[in-house]
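Have a look at the structure below, then the notes.
Residue numbers (the numbering used here): 34 to 110.
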């Protein structure tokens, strides 16, 4: 298996391409890891927000410090 990673800026600039390639089975899945503010349920940092082209399904969440947790999501098509 091959693995790769991109930052949020790259993902947002290439959202259409990444989703299209996922639909064509060029990737088995796209996993997103975000630091979430528990009071707002939004990414803690603006640079962790994704283009609306990415539809996410939460896979797991784990609290890392009070009020903040990591959310692991999968991009769904």
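Beta carbons are placed, not taken as given, at the ideal position from N, Cα and C, and that holds for glycine.
All values derive from a computational prediction rather than experimental measurement.
For residue i, which of helix, strand or coil comes out of DSSP?
| i | result |
| --- | --- |
| residue 53 | helix |
| residue 74 | coil |
Output needed for residue i: all residues of its chain with C-beta closer than 8 Å, excluding positions within five of it in sequence on either side, in chain order.
| i | result |
| --- | --- |
| residue 55 | 62, 63, 108, 110 |
| residue 94 | 69, 102, 103, 104, 105 |
| residue 89 | 65, 83, 106, 107, 108, 109 |
Using a threshold of 9 Å, state whether the C-beta atoms of residue i and residue j are closer than that.
| i | j | result |
| --- | --- | --- |
| residue 46 | residue 67 | no |
| residue 84 | residue 38 | no |
| residue 71 | residue 96 | yes |
So what does residue i bridge to, in DSSP terms?
| i | result |
| --- | --- |
| residue 67 | 104 |
| residue 110 | Paired residues: none, contrary to the question. |
| residue 88 | 109 |
If I measure Cβ to Cβ from residue i and keep anything under 7 Å in the same chain, skipping five residues before and after, which residues do I get?
| i | result |
| --- | --- |
| residue 60 | 54 |
| residue 86 | 48, 49, 52 |
| residue 91 | 104, 106 |
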